[in-house]
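Notes to accompany the following structure.
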């Protein structure tokens, strides 16, 4: 959405004017390719499945005939296989998570002796200005964006960086744009959100 990009670009210039900060673009994908990026995605999902395995088991025991919610179909297979995770697998996930965090803190986030973090990383995770839908037939309509969970890409989801690195991140709304909804068939407003992440300290 070109209007969303205009909002994003306008915000980028604000820290330069108001705070005297310098803007530097980095290729996050190229940096992450130095690490085991596909495995990192697996690490995030494995840790998530391990933490929810007990909840799924208790749900099944309490409501054996209820099945699951009709939503989040894309993760159901993972939940079904939750019994394959044990403490040893979890410990391995934590070890690799720590290794990735050490790599990313060196390559992406840089500490500062004066202010903990010498920079603020801006994650363009919500500036597309296009709606996304779980339903397959809706997300292919003109003027819609992809849904990460149902249409995953090769790159690492920016929203996973903060929990993987134990790094503070906040999302701030920087504006909104119009879009034509394929469900209400009316012009709706879509917020543009930007994620700010710094070195933990």
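In my numbering, the protein residues as written are -11 to 189. Cβ coordinates follow ideal geometry from the N, Cα and C atoms, glycine included.
Look at the Cβ atom of residue 148, then the Cβ atom of residue 185, and state whether they are nearer than 8 angstroms. The residue given as residue 148 occupies position 160 in the chain shown. The residue given as residue 185 occupies position 197 in the chain shown. No, the Cβ-Cβ distance between residue 148 and residue 185 is not below 8 angstroms.
Can you tell which of 49, 89 and 102 has the C-alpha that lies nearest to the C-alpha of residue 154? Numbered from 1 along the chain shown, position 166 holds the residue referred to as residue 154. Measuring from the Cα of residue 154, the nearest candidate turns out to be 89.
So is residue 22 buried or exposed if we call it buried at 16+ other beta carbons inside 10 Å? Here residue 22 refers to the residue found at position 34 when the chain shown is read from its first residue. Counting Cβ neighbours within 10 Å, residue 22 comes out exposed, since fewer than 16 surround it.
Excluding five sequence neighbours on each side, which residues of the same chain lie with their C-beta closer than 6 angstroms to the C-beta of residue 177? Here the question's residue 177 lines up with position 189 in the chain shown. Cβ within range, chain order: 164.
Could you give the distance in angstroms between the alpha-carbon of residue 157 and the alpha-carbon of residue 2? As a first step, residue 157 must be located in the chain shown, where it is residue number 169. As a first step, residue 2 must be located in the chain shown, where it is residue number 14. Computed Cα separation, rounded: 19 angstroms.
Assigned secondary structure, residue 95 (DSSP; H/G/I helix, E/B strand, else coil): As a position in the chain shown, residue 95 is number 107, starting the count at 1. If DSSP states are grouped into helix, strand and coil, residue 95 belongs with the helices.
Taking buried to mean at least 16 other C-beta atoms within 10 Å of its own C-beta, is residue 180 buried or exposed? Working through the chain shown from its first residue, we reach residue 180 at position 192. Per the 10 Å Cβ criterion, buried.
Helix, strand or coil: how does DSSP classify residue 80 here? On the chain shown, residue 80 is found 92 positions in, with the first residue counted as 1. Of the three classes helix, strand and coil, the one that applies to residue 80 here is helix, per DSSP.
Contact under 8 angstroms by Cβ, residue 95 with residue 0: Residue 95 sits at position 107 when you count from the first residue of the chain shown. Residue 0 sits at position 12 when you count from the first residue of the chain shown. Not a contact, by the Cβ cut-off of 8 angstroms.
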